[in-house]
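Residue numbers for the sequence shown follow the numbering used here, beginning at 27 and rising by one. We treat Cβ as the ideally placed atom computed from N, Cα and C, and that holds for glycine. Heads up, the thing below is written out as structure tokens.
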Amino acid sequence: MAIAEPITQIAPDEPKLEEMEIIYQRPEAVAETYTHYCPGCTHGIIHRLVGEVIDELGVRERTIGVSPVGCAVFAYRYFNTDGVEAAHGRAPAMATGIKRAAPDKVVFTYQGDGDLASIGGNEILHACARGENITVIFVNNAVYGMTGGQMAPTTLPGMVTTSSPYGRDVKLQGAPIHITEMLAMMPGVAYAVRRSTHSVAEIRKTKKAIKLAFEAQLKGLGLGLVEVLSTCPTNWRLDPNESLNFIRDNMVPIYPPGDFKVHDELKKRR
């Protein structure tokens with residue numbers, strides 16, 4: 027019996043590979059590597075948005091990212107830029123030193139709520155007071171992600187965590203801290219907004235905000251801060267789809283997306 031020869035030619039009506047238009051690919055500023063994030067975690071989406079913005083602004087070769095302690099501790103592995111690792115909560119202080127020593131560099135921090143809003147609260151407060159010309163990406167998933175799902179400064183009222191098994195009691199444990207609204211009052215802040223990742227429309231808005239935060243730095247206007255509501259399926263004990271709904275139904279009412287401070291020079295760019 028004769029063995030049929032394998033088909034090697036492309037059908038005439040199919041476009042050749044070199045004729046296909048590439049409409050979506052990995053940004054140059056995002057490294058080609060495997061992710062360590064849990065399935066459904068939106069850190070990866072936020073990483074991509076930052077990478078796309080860096081590429082579009084044409085600043086990859088002079089960008090330095092500062093990684094935190096927490097789930098994003100390996101952020102420097104994901105960005106195809108220079109990167110450094112800061113002690114827990116100290117990313118704004120390290121970014122300050124880098125920017126002052128090399129003002130031509132584009133410097134950003136990428137921090138979670140435990141890193142920025144808890145142990146790093148003093149660092150970000152005084153960086154804003156000084157008006158440091160850096161960009162801060164603040165990821166809020168309302169829980170300590172890496173260390174086991176304990177209650178964070180951003181944990182919602184009534185939310186169950188490993189350290190608040192009966193739900194966060196505001197009378198005993200205080201209310202969630204609205205970092206972005208608080209920092210927006212500082213004179214050194216040029217841009218302070220909150221966005222989300224729970225839908226495609228919100229993700230698009232998040233990218234625009236990240237771009238404006240970087241543009242604030244490029245224009246020398248002061249500190250730019252973008253808070254991004256993010257998922258934590260593992261510690262929330264939810265599947266990825268349920269996690270997106272949790273942001274929409276539970277986080278957004280407490281942390282409504284919005285603009286809390288926009289420098290006049292950036293308003294025409296929105």
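For the region 39–90, the full-length alpha helix (DSSP H) segments reaching 4 residues or more read 69–83 along the chain.
Residue nearest to Glu82 within the set Gln199, Arg52 and Gln137 is Arg52 (criterion: CA-CA distance).
Ala112 sits in coil when the DSSP states are folded into three classes, being neither helix nor strand. Rounded to whole angstroms, the Cβ separation of Thr206 and Glu253 is 4 Å, and the two are in contact under 8 Å.
As a beta-bridge residue in DSSP terms, Ala218 pairs with Leu251 and Lys287. When secondary structure is reduced to three states using DSSP, Ser93 falls in the strand class. Going by DSSP, Thr161 is part of the beta strand (DSSP E) stretching over Thr161 to Asn166. Inclusion of Lys197 and Val79 in the CB contact set at 7 Å is not warranted, their separation being larger than that value. Of Thr260, Leu251 and Arg221, the smallest CA-CA separation from Arg274 is found for Arg221. Counting C-beta pairs with one atom in each stretch, the region 56–74 and the region 82–95 have fewer than three that are closer than 8 Å, which means they do not touch. Beta-carbon to beta-carbon, His114 and Ile72 are separated by about 20 Å, too far to satisfy the 8 Å threshold.
In the DSSP assignment, Gln243 falls within the unbroken alpha helix (DSSP H) covering Val226 to Leu244. The beta carbon of Gly140 sits closer than 7 Å to those of Gly96, Tyr170 and Ala178, all from its chain and outside the five residues before and after it, given in chain order. C-alpha of Asp290 to C-alpha of Tyr192: approximately 45 Å in a straight line.
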